[in-house]
Amino acid sequence: MQIKSITTDPIELQIESFKDFLKKETYEENLYLKFINNKYFKLTFNSQNLKFKLPLTNVEECILKNKTYSLKVYINLTIKKTNKNILLNKYVLLTEIPLITKNGNFIINGNPRIMVQSVRSTGIFTYEDKKIQGNLLTTIIPKKGSWVTLKINSDDNIYFKLGKTNKKLSALKVLQDLGLTRKKIFYSLKNIKFLKNLTQNKEKKRININKLKFFKKTQQKNYSIKYKIEWLIMSIKDYFDLGKTGREKINKKIYKKNNYLLSKRLKAEDLLGCINNLINLKNGIGEKDNIDSLANKRIILIGEILNNQILNNLNKLIENLKSRLKLLTRKIIYNKKNIKNFQIKEFLNSQIISVSLKKLFTSNLSQIMEETNPMSEITHKRKIYSLTGSKKRDSNLVVREVTPTYFGKICPIETVEGKNAGLIWSLAKEARINKDGFIETPFYLIRFVKTKTKINLNKAFIFLSSKQEKMQKSLKVKKSNIFIMPISRIQMLSLGTATIPFLEHNDANRVLMGSNMQRQTIPVIKKESPILSTGIDTIIIKNNDYNIKAKYSGLIKYIDTKKIIIYEKLKKNTGKIVSFNNSSFYKAKNLQTKKIQINNKKIYLLKKRFSNQNNFIQMKPIVKENNYIVKGEIITDSIYSKKGKLSLGKNLLIAYMPWKGYNFEDAVIINKRLIDEDILSSIYIKKYKTFILNNDTGKEKITKKIPKTKREEKYNLNNNGIIKEGIFLNKGNIIVGKIKQATQNNYKNKILNLIFKKRRVKDVSLRTSGDHQGKVIEIRIIKNKFVSIIIYIAEKRKIQIGDKISGRHGNKGIISKFLEQENMPYLQDGKIIDIILNPLGIPSRMNVGQLFECLLGLAGKNLKENYQIIPFDEVFKNETSKIIVYNKLYEASKKTNKKWIFNPNNVGKTLVFNGKTGKPYLQKVTVGYSYILKLIHQVKDKIAARSTGSYSVITKQPLRGKSKKGGQRFGEMEIWALESFGCAYTLQEIITIKSDDTTNKFKLLYNLIKGALLPEPGIPESSKLFILELESICIKISISKKSSHKNLFN
1 MQIKSITTDP IELQIESFKD FLKKETYEEN LYLKFINNKY FKLTFNSQNL
51 KFKLPLTNVE ECILKNKTYS LKVYINLTIK KTNKNILLNK YVLLTEIPLI
101 TKNGNFIING NPRIMVQSVR STGIFTYEDK KIQGNLLTTI IPKKGSWVTL
151 KINSDDNIYF KLGKTNKKLS ALKVLQDLGL TRKKIFYSLK NIKFLKNLTQ
201 NKEKKRININ KLKFFKKTQQ KNYSIKYKIE WLIMSIKDYF DLGKTGREKI
251 NKKIYKKNNY LLSKRLKAED LLGCINNLIN LKNGIGEKDN IDSLANKRII
301 LIGEILNNQI LNNLNKLIEN LKSRLKLLTR KIIYNKKNIK NFQIKEFLNS
351 QIISVSLKKL FTSNLSQIME ETNPMSEITH KRKIYSLTGS KKRDSNLVVR
401 EVTPTYFGKI CPIETVEGKN AGLIWSLAKE ARINKDGFIE TPFYLIRFVK
451 TKTKINLNKA FIFLSSKQEK MQKSLKVKKS NIFIMPISRI QMLSLGTATI
501 PFLEHNDANR VLMGSNMQRQ TIPVIKKESP ILSTGIDTII IKNNDYNIKA
551 KYSGLIKYID TKKIIIYEKL KKNTGKIVSF NNSSFYKAKN LQTKKIQINN
601 KKIYLLKKRF SNQNNFIQMK PIVKENNYIV KGEIITDSIY SKKGKLSLGK
651 NLLIAYMPWK GYNFEDAVII NKRLIDEDIL SSIYIKKYKT FILNNDTGKE
701 KITKKIPKTK REEKYNLNNN GIIKEGIFLN KGNIIVGKIK QATQNNYKNK
751 ILNLIFKKRR VKDVSLRTSG DHQGKVIEIR IIKNKFVSII IYIAEKRKIQ
801 IGDKISGRHG NKGIISKFLE QENMPYLQDG KIIDIILNPL GIPSRMNVGQ
851 LFECLLGLAG KNLKENYQII PFDEVFKNET SKIIVYNKLY EASKKTNKKW
901 IFNPNNVGKT LVFNGKTGKP YLQKVTVGYS YILKLIHQVK DKIAARSTGS
951 YSVITKQPLR GKSKKGGQRF GEMEIWALES FGCAYTLQEI ITIKSDDTTN
1001 KFKLLYNLIK GALLPEPGIP ESSKLFILEL ESICIKISIS KKSSHKNLFN
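1050 is the number that full-length UniProt numbering gives the last residue of the sequence shown; the numbers go up by one with no jumps.
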């Protein structure tokens, strides 16, 4: 039975959360902003009738003009003074909230950004102390407020802790101060052993309360210990907010169903129930909680993050309102202000919440969206950050490892590499997040079983969270009576991982690298879709902003480079629509046709813009006029797609064989044809930006009249001094002609200017930097506070030595050499190999899936077929992948009469001939077609000059590294490389006279000019600096030369 995949909307999570925030949560949480009274004034807010004003500019315009795509929120306000209405039911601006787009991102200052989905484990958790054996802990994690911890040690004493403090309070004292009587406490616990310990603990032995961090504010005043305890209890009662999920977990853990509490505040009964639960666990009754299970992890979406941000800043708004009312009252009392001339701004400052929201969208919770390709974008939107409050490097392996609850919810493979491995998750293909914040995954319902928990059974499939799955496992059902089953065999994988064919034959580490490499892929000019795919690429290409999908079925009437016009809702009387562009067919067959009434004209605008990674995204129509299209059909292409399919790389002929050591380790040899024919060439966009400033140092002006420049240099500038579109620029060419008038600091300059009527000007023109060259494709002039000019230059980059390429199985490599076509090995039919890879990379990395792809690609290329194979095909039969490949190779050899494609004695290998000698190699070679990707790591961006950036005064070395646009260093690993090859003299030169041996460095330059012998290397300044630092901590080290026996610093 073939099961159809459901595939939940990948972007729906954030959009629905934002909609819920606007519909409900905003006004419900803000109800306490109602009345603010004063002796003279009374302010009344009607927060249930909020009004929203849509932005005047669309998304594209906000990106072009570097604006924020935001929504204005207005609140109803009434102001009275001594029973007289000053302002009645006036809508005033409360705040400005960034508005989410249909693609699930936000436009902040012209940049697409996304909000991070983070994990918050609210509720109650009971576990064993890992540091001290025999200690049991119960931690209550609220939505708002400090954590509460109850602890039973090995001596059966019970303590209470608040927050991160190590100080302990007596549990009995805290319960009594919260309002419980001793009688109620003793009656509820009913354990003589623990009750004795509770009563024996005295306050003096328990705690020195003055040392608690919570009471720093009260230590300045000589309050009694009793008052401080009351202050602690008040903070628990008033400032705790368990939230909806936290209260539900505490109810199910402690109370019976009839005794559930509804309050979101922490009650004394809750703590009493926690103590009782701890005692039962100590006696072996009950189960401990697994805090790493997804049943105990809740995801915070954008709606809740915005709601918390607004809620936290409403208190500041209220305090600001009260202080402004006091100030206004004083002005009225002293007749400095007439009440008739007041302005609303004097009462309400709308910037308080708006500024806090801007800080939120520029904090770590908001990130610039990755737009390298559609795969990187959709993966970034579906990431979940489970970074704990502790430092990332302190997170142990238990936190990072995969648990059984991840199935169908979190991809066990795709995560980041490095220190955050296992702490940043990627949602599985079918996973979604429910309204409570828990991850769900769909299952097919096979048989109905009556259970206590309600499950939605209206559809053919149901979504279950980890908590509901745990309930299903507890059912005692026979194996024949299966209750639920997964909907797909790739349900547990993320979208990025599921695009890798034959991934089940790879090591998981290589699959992780393969999914990460795909996200770093830049599209090549002559791209094509892969011969072998998994079908997930269609999901990715349909859920992005780079291609247009038809919203309704209709007839295409007009197409140009800017728009597509479609007439929708076709009303037809009889018959079916067969074709609209072949009317002569009906006349030839004497068929009767009736006119079709066409309504509802729909215009699709073809967008063009630049991504965050400076890729030029331009839509091109792939449909023709008079074609009939169906709802959901892709009607445009972009740089990331071809004919509606995800296309980033190229299918190239590869051979796994050594070639004179040039492809040792991860080195790759390529055919020069890939360079000459632009097969792996890509477009690189360089952005230049300049401002027109008028400040104390002088006034700037854009002009074509630039002093001390040749006429040829200004030839490509227009009359305003800006470069023309379509011009090809080389290194050092002028992009924007700009001069700066020097300020007249002294009287001499002023007199000279008055006499000769000329002012000194300085050339501050914007020029192309480095080796960047290319064609000017767009010019933008933005007028805000300052006039800014942005120029985009497109450069065609051919593949070159040092560039990084990769397959889809983590088989990445650096290009080490390119060979002429006549020198490359060739096949028996004369086809020349495109890429030579090292065969030693397969057994050591255990990514055998690339061989299956390579051989099936060979069959598909010869048969002119494309294949779609879902991973884990071994579920049907053992060695299914092998059978598929062998069958297709055999079919290709028969249909093309190329018997060498399938050799029964040595399947998958064939004779390859030496390009130089024409003789066959001694051993047969595995040859085929693989999908090769060009990565964003290009050698032209990696090389940085050591002379750039600021220098240290002592060592005369560059301070900033490449990441800060400074000079590169010859680091520790580079020194190891020279050591391993025994390059002693080269190494000595690099770390002395070529580095920071300042004395001999100047002698070297002098001797080179004079033609004298080079000086001997001395002691570098960094070594001297290290010795001086040791002497500062009283460690005496003296180094002297053998020749002179003089001290190092003499």
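The C-beta atom is built at its ideal place from N, Cα and C for all residues, glycine as well.
DSSP-derived helix/strand/coil call for residue i
i, result
"L851", "helix"
"G489", "Correcting the residue type first, residue 489 is Arg in the shown sequence and not Gly. R489 falls in the coil class under three-state DSSP."
"E96", "strand"
"K322", "helix"
"I525", "coil"
"D997", "coil"
"K572", "Any reading at K572 is ruled out, since the residue's pLDDT is 49, under 50, leaving its predicted position unreliable."
"K551", "coil"
"L978", "helix"
"E203", "A caution first: E203 carries a pLDDT of 46, below 50, which makes its placement in the model unreliable, though a value can still be read off. The answer is helix: DSSP assigns E203 an H, G or I state."
"Q821", "helix"
"S533", "strand"
"G830", "coil"
"A794", "strand"
"K392", "At K392 the pLDDT is 49, less than 50, meaning the model places this residue with poor confidence; the figure from the coordinates comes in the next sentence. In this structure, K392 counts as helix in the three-state DSSP scheme."
"T139", "strand"
"Q868", "strand"
"I63", "helix"
Check whether residue i and residue j have beta carbons under 8 Å apart
i, j, result
"S515", "I410", "no"
"G303", "D20", "yes"
"I522", "I675", "no"
"F786", "L693", "yes"
"K724", "N733", "no"
"S188", "N276", "yes"
"I565", "I603", "yes"
"L1026", "Y792", "Reading the sequence as shown, one finds Phe at residue 1026 and not Leu. No, the Cβ-Cβ distance between F1026 and Y792 is not below 8 Å."
"L493", "A428", "yes"
"Q828", "T896", "no"
"N349", "N320", "yes"
N-terminal and C-terminal residue of the beta strand (DSSP E) that residue i is part of
i, result
"G123", "G123 to E128"
"K701", "G698 to I702"
"N671", "A667 to N671"
"R298", "R298 to I300"
"P374", "Here P374 belongs to no beta strand (DSSP E); instead the alpha helix (DSSP H) covers P374 to K381."
"I735", "I734 to V736"
"L445", "I439 to L445"
Alpha helix (DSSP H) segment containing residue i, residue limits
i, result
"K244", "G243 to I254"
"P843", "G841 to R845"
"L172", "A171 to D177"
"residue 1074", "With the chain running from 1 to 1050 in the structure shown, residue 1074 is simply not present."
DSSP bridge partner residues for residue i (one or two, in chain order)
i, result
"Q618", "K608"
"G774", "L729"
"N46", "N76"
CB-CB length for residue i against residue j, believed under 8 Å
i, j, result
"R808", "Y931", "6 Å"
"P501", "I801", "Their Cβ separation, rounded to whole angstroms, is 30 Å, which puts P501 and I801 out of contact at 8 Å."
"F852", "K775", "The Cβ separation is near 42 Å, so there is no contact."
"L532", "G849", "That pair is no contact at about 10 Å."
"L365", "S17", "Wrong, their Cβ atoms sit about 14 Å apart, outside the cutoff."
"K51", "Y91", "6 Å"
"N811", "N847", "6 Å"
"T126", "L281", "6 Å"
"I836", "M619", "No, I836 and M619 are not in contact; Cβ-Cβ is about 38 Å, not under 8 Å."
"F525", "D678", "For clarity, residue 525 is Ile in the given sequence; the question names Phe instead. Yes, I525 and D678 are in contact; Cβ-Cβ is about 6 Å, under 8 Å."
"I541", "L648", "Their Cβ separation, rounded to whole angstroms, is 11 Å, which puts I541 and L648 out of contact at 8 Å."
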